[in-house]
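Notes for the one structure printed next.
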Amino acid sequence: MIKKIILSAIILASITACNENILDVDNPNVPTQKSFWNDVTDAQKGLTAAYSQFTRVGNWGRWIYFRYDLTSDEAYSNSPWNELKDWTQFKYVNYNFIQGGWTIFKGHYKQIFEANQVIAYVPKIIPKNASEETLLKQIVAQAKFIRAFDYFNLEILFENLPIVLEPSNAGDKYPVGGPNEIYDIIINDLKSAIIDLPEAWTGVDKGRITKGAAYALLGKVYMQLHRWQDAKDAFYWLVEGDGKGYYGLMDNYFDNFTHYYENNMESVFEIQFTDVNQTEMDRNNGSDIDDDVPNMALGNTRSQFFAPAGIGWCDGQPRSWLVDEYKKEPTVDNHVNGTTIDDRLRVSIIYPDIFKDFPNERLFAGTITKWKATWFKNVFFRKYGDDYFKAKTDYYSPINYRVIRYADVLLCYAECLAQLGDVAGAVTYVDMVRTRPSTNLPPMALSTIPEIAASVNSKDAFLKRLQMERALELCLESVRWIDLRRWGLLETQEGIDELKSRDPDFNNFELGKHHILPLPQFEVDNNPNLHQNPHY
11 MIKKIILSAI ILASITACNE NILDVDNPNV PTQKSFWNDV TDAQKGLTAA YSQFTRVGNW
71 GRWIYFRYDL TSDEAYSNSP WNELKDWTQF KYVNYNFIQG GWTIFKGHYK QIFEANQVIA
131 YVPKIIPKNA SEETLLKQIV AQAKFIRAFD YFNLEILFEN LPIVLEPSNA GDKYPVGGPN
191 EIYDIIINDL KSAIIDLPEA WTGVDKGRIT KGAAYALLGK VYMQLHRWQD AKDAFYWLVE
251 GDGKGYYGLM DNYFDNFTHY YENNMESVFE IQFTDVNQTE MDRNNGSDID DDVPNMALGN
311 TRSQFFAPAG IGWCDGQPRS WLVDEYKKEP TVDNHVNGTT IDDRLRVSII YPDIFKDFPN
371 ERLFAGTITK WKATWFKNVF FRKYGDDYFK AKTDYYSPIN YRVIRYADVL LCYAECLAQL
431 GDVAGAVTYV DMVRTRPSTN LPPMALSTIP EIAASVNSKD AFLKRLQMER ALELCLESVR
491 WIDLRRWGLL ETQEGIDELK SRDPDFNNFE LGKHHILPLP QFEVDNNPNL HQNPHY
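Numbering (our numbering), first residue to last: 11 to 546.
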């Protein structure tokens with residue numbers, strides 16, 4: 011009997027071995043590559059999946075701000091969650107700390123996966139007419155921008171990365187590239203995207219990736235490589251070229267950080283958030299566990315984590331030197347708030363003297379006024395906060411995050427011009443930002459601060475002053491860490507000493523190590539091609 015059973019098993023095994031695909035049965039309720047990528051509707055759905063990753067906690071929904079804002083010299087964390095605080099102070103023990111680098115790493119590669127599918131499969135769809143052909147090309151171009159943008163952030167933060175340019179499968183062992191190879195991939199994607207991206211979108215498509223966004227990101231990439239002429243040429247399209255008419259500065263600086271004036275003329279690229287679908291986050295108490303559930307919350311949680319204690323979690327706070335810098339240079343005359351203090355201060359930061367300096371200010375929908383603010387003994391985030399219409403913040407901020415503003419582009423363009431020797435031309439574009447009606451500072455040459463006025467006559471002095479001009483215009487907008495890397499302040503002891511003077515957390519900084527994060531150890535262990543970053 012046993013022999014018969016064994017013989018039967020052998021015969022059955024031989025039959026199934028000859029037709030091993032017999033077990034590969036498609037689930038009729040789940041789309042597959044064969045059944046899905048067939049028409050424009052499928053292509054649009056695939057692109058929507060890629061866009062949706064922007065709102066996840068590993069991308070722009072939450073944790074990236076802890077690295078870009080809190081680890082720079084502009085801000086810090088005094089969170090009671092010690093491991094979270096340590097990660098903003100260059101104290102890395104657990105390389106797999108989920109809220110440190112791992113969620114950012116994973117979140118960006120998830121979006122790259124979604125973009126790769128669009129890039130690989132959409133070109134195989136046969137368009138029915140010329141309009142569909144154009145639309146399909148635009149869809150692929152947006153996916154290429156998304157992939158380039160993800161790799162740009164990963165390169166800034168981790169530097170040595172797995173290269174994944176095709177739809178991937180679990181268990182794949184990806185090759186690894188260093189900065190030169192990764193930047194080449196980014197540049198090629200952006201150049202390709204520029205060809206097919208529209209100059210502007212209208213109607214329900216407004217807020218999608220445009221040609222201007224791709225040119226701006228390309229310029230930023232070239233700046234990190236110190237390819238100043240290439241960077242200038244990329245920014246030229248927005249500042250002086252064919253795209254000039256699409257962009258400008260909002261008269262009121264505050265309008266860039268509310269949900270009332272989103273996708274405005276100053277917005278070059280912004281992440282689209284909304285306060286719909288709040289119940290999913292409620293069920294998870296704000297946790298990261300179910301990041302891809304249907305109807306998940308699509309709001310930005312930044313304000314919840316950075317608002318003052320008692321209103322939010324207060325896991326991040328600005329450095330007080332920013333307040334001092336804003337107050338150094340008076341405006342030309344009394345502006346709308348009846349003061350000669352730079353209006354960007356009240357928009358960016360809550361600080362002890364805010365009601366003294368700006369008598370008409372209101373916080374948290376007017377529930378906190380000068381009569382109730384005695385407990386504001388410290389400095390807190392306000393930029394991208396929702397205090398202008400909420401009494402207490404939550405996980406569902408609907409405020410779009412302007413990743414690239416036109417003011418940033420103008421200051422980048424000025425940096426390129428100065429690096430190429432045209433300081434006079436560079437000053438023109440910095441002055442455009444300084445003299446915005448609600449900012450109302452004098453042109454640099456007419457500043458009452460002697461060192462600012464004198465900086466227009468020297469390339470080195472101008473470039474050093476530009477570092478502070480960028481802080482005053484763009485502080486707490488997740489660009490400072492990128493700037494610090496480009497300026498080389500993270501590469502020399504002199505640079506670190508300067509940062510220490512503003513931020514004592516840099517006492518923990520190790521040259522040659524802490525300019526990048528440790529790679530998640532999970533990833534290193536699973537990919538034999540990937541090695542932990544130097545000195546970790």
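Yeah, the Cβ is synthetic: ideal placement off N, Cα and C, and Gly gets one too.
**Message:** Mapping the DSSP letters down to three states, classify S89 as helix, strand or coil.
**Reply:** coil
**Prompt:** Within 10 angstroms of its Cβ, does A140 collect 16 or more other Cβ (buried), or is it exposed?
**Reply:** exposed
**Prompt:** Should F316 go down as buried or exposed, given a rule of 16 or more other Cβ atoms within 10 Å for buried?
**Reply:** buried
**Request:** Please name the residue in R490, D507 and V534 whose C-alpha comes closest to that of S80.
**Result:** The sequence shown places Leu at residue 80, rather than the Ser named in the question. It is R490 whose Cα lies nearest to the Cα of L80.
**Asked** Exposed or buried, what is R293 when buried is set at 16 or more other beta-carbons lying within 10 Å of its beta-carbon?
**Response** Residue confidence for R293 is low, a pLDDT of 49 falling below 50, so the modelled location carries little weight; the figure read from the coordinates is stated next. Answer is exposed; the Cβ neighbour count stays below 16.
**Prompt:** How would you write the range of the beta strand (DSSP E) that R415 sits in, first residue to last?
**Reply:** Y411 to R415
**Item:** E280, enclosing beta strand (DSSP E) - first and last residue
**Value:** S277 to I281
**Request:** Go through its chain and collect everything with a Cβ distance to Y131's Cβ below 6 Å, but skip five positions before and after it.
**Result:** W47
**Asked** If Q63 and E124 are in contact, beta carbons under 8 Å, what's the gap, nearest whole angstrom?
**Response** 6 Å
**Request:** Scan the region 408-494 and note each continuous alpha helix (DSSP H) run of 4 residues or more that stays entirely inside, going in chain order.
**Result:** 416-429, 433-444, 460-464 and 469-484
**Message:** On a Cα-Cα basis, can you pick out the residue from L529, Y246 and Q477 that is closest to G1?
**Reply:** Any property of residue 1 remains undetermined from this structure, which presents the chain solely from 11 to 546.
**Request:** Note down the Cα distance separating N126 from D194, rounded to an integer number of angstroms.
**Result:** 17 Å
**Request:** Inspect the beta-carbon positions of Y263 and T445 and report whether they are closer than 8 Å.
**Result:** no
**Request:** Sort out for me which residues DSSP pairs V390 with in a bridge.
**Result:** Note that residue 390 is Phe in the sequence shown here, rather than Val. In DSSP, F390 forms a bridge with I360.
**Message:** Assuming contact is defined by CB atoms lying nearer than 8 Å, are P172 and L527 in contact in what I supplied?
**Reply:** no
**Prompt:** Just checking my contact of I428 with L473 at CB under 8 Å: how many whole Å lie between their CB atoms?
**Reply:** Checking the displayed sequence, the identity of residue 428 turns out to be Ala instead of Ile. Going by Cβ atoms, the distance from A428 to L473 rounds to 5 Å, so yes, they are a contact pair.
**Request:** Quick one: using the 10 Å Cβ neighbour count with 16 as the cut-off for buried, is A568 buried or exposed?
**Result:** No answer is possible for residue 568: it lies beyond the span of the chain, which begins at 11 and ends at 546.
**Residue closest to Y406, alpha-carbon to alpha-carbon, out of R72, T51, Y61 and D535** = R72
**Asked** Are the Cβ atoms of Q152 and L57 separated by less than 8 Å?
**Response** yes
**Request:** Work out the CA separation of D49 and T144 for me, nearest whole Å.
**Result:** 13 Å
**Prompt:** What is the DSSP secondary structure of G255, reduced to helix, strand or coil?
**Reply:** helix
**Exposure of E520, with buried meaning 16 or more beta-carbon neighbours within 10 Å** = exposed
**Request:** Look at G222 and Y256 and say whether their C-beta atoms are less than 8 Å apart.
**Result:** yes
**Message:** Rounded to whole angstroms, what is the Cα-Cα separation between Y411 and I192?
**Reply:** 25 Å
**Prompt:** Going by beta carbon distance, what residues of the same chain come within less than 6 Å of I299, once the five residues before and after it are set aside?
**Reply:** Note that I299 scores 46 on pLDDT, short of 50, meaning its location in the model is unreliable; the coordinates nonetheless yield the value given after this. Here the set comprises nothing.
**Asked** For A319, which three-state DSSP category applies?
**Response** strand
**Prompt:** Taking DSSP as the reference, what is the three-state secondary structure of N179?
**Reply:** coil
**Item:** Buried versus exposed call for Y270 [16 or more other C-beta atoms within 10 Å across all chains shown]
**Value:** exposed
**Item:** Range of the contiguous alpha helix (DSSP H) that encloses M260
**Value:** Careful: M260 lies outside any alpha helix (DSSP H) and carries neither H nor E.
**Prompt:** Should the region 415-430 be called in touch with the region 238-245, which here means at least 3 C-beta pairs below 8 Å?
**Reply:** yes
**Asked** If you run the structure through DSSP and keep just helix, strand and coil, what is P544?
**Response** coil
**Item:** DSSP bridge partner residues for P327 (one or two, in chain order)
**Value:** Checking the sequence, you will find Gln at residue 327 rather than Pro. BP columns for Q327 point to Y86.
**Message:** DSSP has V186 in a bridge; who is on the other side?
**Reply:** P172
**Prompt:** Looking at C-alpha atoms only, which residue of F386, N266, R356 and D404 is the closest neighbour of W323?
**Reply:** D404
**Message:** For the structure I just gave you, are there three or more beta carbon pairs, one from the region 464-473 and one from the region 370-381, closer than 8 Å?
**Reply:** no
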